[in-house]
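Taking it in order: structure first as structure tokens, then the write-up.
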Amino acid sequence: MTAPAQPSPAFEYAPAPESRSIVDIAPSYGLFVDGEFVDGTGEAMKTVNPATEEVLSEVAVGTEADVDRAVKAARRAFTRTWGPMRPADRGKYLFRIARLLQERAREFAVLETLDNGKPIRESRDVDVPLAAAHFLYHAGWADKLDWAGLGPGPRPLGVAGQVIPWNFPLLMLAWKIAPALATGNTVVLKPAETTPLTALLFAEVCRQADLPAGVVNVVTGAGETGRAVVEHADVDKVAFTGSTEVGRSIARAVAGTRKKLTLELGGKAANIVFDDAPVDQAVEGIVQGIFFNQGHVCCAGSRLLVQENVHDEVIARLQRRIGTLRLGDPLDKNTDIGAINSAEQLARIRELSEIGEAEGAQRWQPACALPDRGFWFPPTVFTEVSPAHRIARDEVFGPVLSVLTFRTPDEAVAKANNTTYGLSAGIWTEKGSRILAITDRLRAGVVWANTFNKFDPTSPFGGYKQSGYGREGGRQGLAAYLTGADSK
Amino acid sequence: MTHLLDPQAAAADAAPRREPPPPFGDATRSEAAFRAFLHGLPGVDQVGAEARVGVLGTRSIKTTAKAWAIDTAISMVDLTTLEGADTPGKVRSLAAKARQPDPTDPSTPRVAAVCVYGDLAGVAREALTGTGIHVAAVATAFPSGRASRAVKLADVRDAVANGADEIDMVIDRGAFLAGRYLDVFDEIVAVKEACGEAHLKVILETGELVTLDNVRRASWLAMLAGGDFIKTSTGKVSPAATLPVCLVMMEAVRDFRAATGRQVGVKPAGGIRTTKDAVKHLVLVNEVAGPDWLSPDWFRFGASSLLNDLLLQRQKLRTGHYSGPDHVSVD
Amino acid sequence: MSDRLAVRKTYKLYVNGAFPRSESGRTYEVTDTRGHFLANAARASRKDARDAVVAARAAFGKWSGATAYNRGQVLYRVAEVMEGRHVQFCDEVAAGEGLSSSRARAAVDAAIDRWVWYAGWTDKLAAVLGGANPIAGPYFGFSTPEPTGVVAVLAPQRSSLLGLVSVLAPVLACGNTAVVVTSGARPLPAVTLGEVLATSDVPGGVVNLLTGDAAELGPWLAEHDDVDAIDLTGAPAGRAMELERLAAGSIKRVVRPPSEEPDWTADPGTSRLTPFLETKSVWHPIGL
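Chains A, B and C, in that order, are what the protein sequence lines are.
So for the first sequence, our numbering puts the first residue at -13; every next one is plus one.
So for the second sequence, our numbering puts the first residue at 2; every next one is plus one.
So for the third sequence, our numbering puts the first residue at 464; every next one is plus one.
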């Protein structure tokens, strides 16, 4: 058959970078305290673009004195403006903030991608819209707290000290600030050391919203700054998202105080695939579960538990699918896998992967060219992993999947629960009653059935066991910021 | 069971059942076996499938990639007219457009085929002689398929005799939805035989099958029966081609080739009107089934108005400014 | 007054549905508020605490897996059996707490009524604390409260029965299993409660009662990796911070002690239920 003249059968996507001209990064930033940007008293630190190692800006490192200023400002705001304010007006401020986030969404997305290394597709389609959604959701709660099921007349706690991680800088800020403000608290927020920029842009949004001074304070810095926030005597509430190790030390630090504490810590989620799963969607869910945000996700589906009778088929499909992932410039709209957030994190991922290999697991990575500069790790699958291997137990917090097998539902549940963590889990099967039975037995705070890594402000999120305590989102999440007869 | 086909006509025309290719030779040994096979295919989660095409739909195809995609899409068009009012004159003008889609730019690729009703296949054949452009004819009591098998086979033979080298048949959706899968299978086999040398595209009419599970089953059924292409729709039923349906069909041809070694083509038809739609489909082909399907031999667009939008976009890329509908021909 | 010589009870631990002596062989003297000898109670050791945690963990699956309806009936049955021991509880509370017989009776009445109140909570928790989540997308989502697991309880030191019931019953109503360190100086009603539990339908291991010294046992429980939560209500004075620090090692849920022992007759609301519940959020796509 003579075919018409054909173009060559190669579909190479031309670079499609999102323009970074929309963001205007200052050469240096101070702290946002009492409604103003002020100089910190400590030395500045650099924040880099992990995809290029380019220095983006210098950011102040908050000292104990800086934190004290911020807490005092927050206390004043709590006592004089935000606390006494009509709840409906507090709600309106949150609505304003949500709208401003939507209006400046592109700017936030580009800045998040520059500072964090995550693909623009994710910052644009997930992080920023969800952050706005959290403010919208909580805005409505501000004047309806009597109906939150926490007993009559729940009251704010006061000043909330909040320490957030680098994996979803703006989204975690929203998860922390939105409920705190909706319930009438004021905030001192410490963004992660490597990703301070969107929090500083958020401070700018607070100014555009005319939020009263001191209601939101942003004190950038590293571990010592976070410690100063947590240990400050006039903080009433501590909320932390990050590693279990740091969570432990925070729990120790607040022991014996009156500070209320919520912790959202690590995870090692099982993603359980049964032989009757909708296999193509399950493969998508596995990919979404472990490679979303380079695997820098506390609820990542880092342990694939696949029924032994479909192991080979699932792995073959998974490998084929991973081969189509596009790794590279995070600002390129077609990038699926961006940069690892820091050299330190890259070193940890490498170390655990090497341990995985040394312990006898089989490492598989697709043929994948990595950029010359920046921090990169290719999507990685370990098969022949045993439950005793470190890569089956330790949180890698990177694009590394450990594959284990099971034969019966009981074995799947036992292996899924065989971890000190309990943040999330996934189940893939077309059988409804099995979903409900397994869900019931999984010791995890979020269970995704036939989906994975989905988030919504109405759906409370948080862990069992050593993945932390307290919930973020939903009616249940409000309890973390309120006191009253019935709130714990 | 609902009686839809004249059993005597079916019996008279029934060919001995052709076995599906290995390793699926046993799949059609009985109605029960075939049902077990088709229902044993992995399920499709609709929301997950939609989420997948949603992400693929955000692929940003620009500059050189867009130029390549537009030319590739043009070369994949089955330029179609399927109206009761069709005349030889209409078909000739369509054929002229197929040969030279953009008179202002001879470097524009030709389309893959012209698709007409069987009685006009001869007109199309004559107008396209020597061009390499295929003549596709819809047959088997298109679009409903509601006729006895003898009539359908006669329809096919007639179209082939008139010069069609591609036959777009419709499956018996009534039989499929009633669970008489072997009837559907046998009919495709019979049509394929009636096609002779002509390529067979099997229209599933996914808008009537409704669920993606059914789309997957019907895709496999058509491939096992020997279809050269599986095609979404007649264009007469809404919804016609949708991205989730195309996704499931691309997964089916990918998996079928992996299992049997035989490659089957895919043709979404109906509802694809813009370059943006076409590019989304090409991205889907590229990332789901792979580049092997990125050729008119393995992927087609059943469309009429799509071509003009592709031409307008092509002009925009060439000239750097926007064009308008008067700069492409009305068919 | 009869001149019959009374048959005294031997007060022992209640662990895994049985009444062992302490593996350490230790006992301590329990007196009334005027210093008169009442009994020798078993003084639980760290190994008794360890055994109790093992029993509580083993019992957790069945107890948490029972229907809320069943758990409610089992707990109500406990109140029924308590009612039958009313006189005995009154005597022990009166002697141990130095109450008049009428005030002791009021405390026992309140304790039994409190137990009934919590028994009725089991099948309300999911509706009151959980619910459907209106997710912005094609997903059905719901959140449901689930028991935290094995809960260590340092029971109030003063209120030996009402206080004990007030901290123990909510733990059980949520579906948790418990390891309780009873009031040190006033342990006798707790041991009798153990006998009530043993003769009602509560499965062995769901409740484990350790008499002894909270200062000695508390650290072992606070640091135990297989204990999911700890209620420090009865923590010895000045020890709560240390225990909370130890509990941080395994990210235990901690209920801090009030500055002084509360009035246990007050309406507790859900404040003693929510600390021992986890929220599980479940998602599923909605499609054809």
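C-beta: ideal position from N, C-alpha, C; glycine also.
- DSSP places residue 188(A) in the uninterrupted alpha helix (DSSP H) bounded by 183 to 194.
- Secondary structure note for residue 144(A): it is in no alpha helix (DSSP H), with a DSSP letter that is neither H nor E.
- Considering only 725(C), 679(C) and 539(C), the residue with the shortest C-alpha distance to residue 705(C) is 679(C).
- Pairing residue 175(A) with residue 276(A) gives a Cβ-Cβ distance that is not under 8 Å.
- For the pair residue 718(C) and residue 672(C), the CB atoms are not nearer than the 8 Å cut-off.
- Using a Cβ distance threshold of 8 Å, residue 158(A) and residue 151(A) count as a contacting pair.
- Here DSSP, grouped into helix, strand and coil, assigns residue 58(A) to helix.
- Taking the Cα positions, residue 160(A) is about 18 Å away from residue 439(A).
- For the segment 307 to 318 of chain A, residues whose beta-carbon sits nearer than 7 Å to a beta-carbon of chain B comprise 310.
- Cβ-Cβ distances below 6 Å link residue 352(A) to 308 and 309 in the same chain, with the five nearest sequence neighbours on each side left out; the list follows chain order.
- Annotation: the continuous beta strand (DSSP E) that includes residue 31(A) extends over 30 to 35.
- Counting other Cβ atoms within 10 Å of its Cβ, residue 206(B) reaches 16 or more and is therefore classed as buried.
- Listed in chain order, the non-local C-beta contacts of residue 675(C) below 6 Å within the same chain comprise 506 and 507, local neighbours out to five positions each way being set aside.
- DSSP places residue 273(B) in the coil class of the three-state scheme, outside both helix and strand.
- One thing to note: residue 26(A) has its Cβ within 8 Å of the Cβ of residue 47(A).
- Contact between residue 379(A) and residue 245(A) does not hold, since their C-beta atoms are separated by about 31 Å, which reaches or exceeds 8 Å.
- Residue 697(C) is a Cβ neighbour of residue 677(C), given a cutoff of 8 Å.
- Ranked by Cα distance from residue 170(B), the options 179(B), 160(B) and 164(B) are led by 160(B).
- Under the three-pair Cβ rule at 8 Å, the segment 321 to 336 of chain A counts as touching the segment 274 to 294 of chain A.
- For residue 371(A), the number of other beta carbons within 10 angstroms of its own is at least 16, and it is reported as buried.
- Separation of the CB atoms of residue 201(B) and residue 229(B) is rounded to 5 Å, and the pair is thereby assigned contact status at 8 Å.
- Each residue's CA atom was taken as its position, placing residue 163(A) and residue 237(A) some 20 Å apart.
- Out of 52(B), 81(B), 66(B) and 97(B), the CA that lies nearest to the CA of residue 602(C) is found in 52(B).
- Closer than 9 Å at the C-beta level to chain C, one finds these residues of the segment 198 to 221 of chain B: 211, 212, 213 and 214.
- Here the alpha carbon of residue 369(A) sits roughly 47 Å from the alpha carbon of residue 110(B).
- Here residue 727(C) is buried, its C-beta having at least 16 other C-beta atoms within 10 Å.
- Sorting 656(C), 579(C) and 737(C) by C-alpha distance to the C-alpha of residue 634(C) places 737(C) at the top.
- If you check the CB distance, residue 173(A) and residue 146(A) come in under 8 Å.
- By the C-beta density criterion, residue 730(C) is exposed, having fewer than 16 other C-beta atoms within 10 angstroms.
- For residue -3(A), the closest Cβ of chain B is nearer than 8 Å.
- When 7 Å is used as the limit between beta carbons, residue 63(B) is near these residues of chain A: 0 and 2, in chain order.
- Residue environment for residue 32(A): exposed (fewer than 16 other C-beta atoms within 10 angstroms of its C-beta).
- Annotated as distal: residue 314(A) and residue 264(A), with beta-carbon spacing of 8 Å or more.
- Using a 10 angstroms sphere on the CB of residue 532(C), the tally of other CB atoms stays under 16, which defines it as exposed.
- Going by DSSP, residue 693(C) is part of the beta strand (DSSP E) stretching over 692 to 694.
- Near chain B, meaning a CB-to-CB distance below 9 Å, the residues of the segment 249 to 274 of chain A are 262, 263, 264, 265, 266, 267, 268, 270, 271 and 274.
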